[in-house]
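Printed below as a string of structure tokens:
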């Protein structure tokens, strides 16, 4: 099962960076989301692909026509938070308010229930699993935030989830579609989205796809924007991670979509036999 998803945010929504940290800084930057969304829509049309869009409530607030266009095309809309803040830097009250705000903006535009969520930067760690009961309280049925490997902005390796399963949160079940990894030379390698996808040559990605029974992709509009300006304040390593491979990312993804079958999250949910999946206990 291969799942295609996009995290809909602006090119300047770079996490953990002073010049792009909050809404107060974002007004300094130009809008590039329309041109970048055009690239995504054309890609999906050319490859006849379905995808789920994890959208920021901020995008819905500032650019509601982007959300309307996604919905009008028949694509599933999920939430990626409102203000794209790291969940583990928020208090439970701040997280809940942000989530409620995002859901309201998206549902007001589409008139459809928001069922699924992905944390910015996959920013759920072992010590902020309090996120999960809040998701359930707000009507979220599917989470796509678990990243069972070490990474800069999140990751909860102790959960050990690499395929669809249930999170048993204080007796309530939450469906989880985590990020997948592949074992390469004894290391857990991520290849299915973002900077990882841009860094790896297509031959390596294709090989890892053939080895994987389950793949959860995640792409951003900025991943396809080869002419975007450099964000100030980034270290050389962050510059490399954020800007390497932008030129080739779109044709690389197009080739992948033409060679492998992909579904959106709704279809993945339908195809999953939830009577046979693993249930992970989550103590909060």
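Numbering (my numbering), first residue to last: 19 to 302.
All residues carry an ideal CB built from backbone N, CA and C; glycine is no exception.
Since the structure is predicted, the reported quantities are computational estimates derived from the model, not experimental observations.
Exposure label - residue i; buried when at least 16 CB within 10 Å
i: residue 202; result: exposed
i: residue 257; result: exposed
i: residue 282; result: buried
i: residue 289; result: exposed
i: residue 130; result: exposed
i: residue 78; result: buried
i: residue 270; result: buried
i: residue 287; result: buried
Helix, strand or coil at residue i according to DSSP, with G and I counted as helix
i: residue 225; result: helix
i: residue 249; result: coil
i: residue 84; result: helix
i: residue 54; result: helix
i: residue 37; result: helix
i: residue 77; result: helix
i: residue 176; result: helix
i: residue 260; result: helix
i: residue 145; result: helix
Same chain, Cβ closer than 7 angstroms to residue i, five either side skipped, listed in chain order
i: residue 67; result: 22, 275, 280
i: residue 113; result: 105, 149, 152
Counterpart residues of residue i in DSSP-defined beta bridges
i: residue 25; result: 72
i: residue 299; result: 186
i: residue 193; result: 160, 184
i: residue 94; result: 70
i: residue 205; result: 202
i: residue 237; result: 24
i: residue 211; result: 236
Neighbourhood of residue i by C-beta distance below 8 angstroms, restricted to the same chain and skipping five residues each side
i: residue 102; result: 27, 31, 33, 74, 76, 138
Other residues of its chain near residue i: CB distance less than 6 angstroms, five sequence neighbours each side excluded
i: residue 135; result: 97, 153, 158, 161
Minimum Cβ-Cβ distance from residue i to chain D less than 9 angstroms
i: residue 127; result: Chain labels in this structure do not include chain D; a single protein chain is all it has.
Validate contact between the region 214-226 and the region 190-197 using beta carbons, cut 8 angstroms, 3 pairs: By the Cβ rule, the region 214-226 does not count as touching the region 190-197, because fewer than three pairs are nearer than 8 angstroms.
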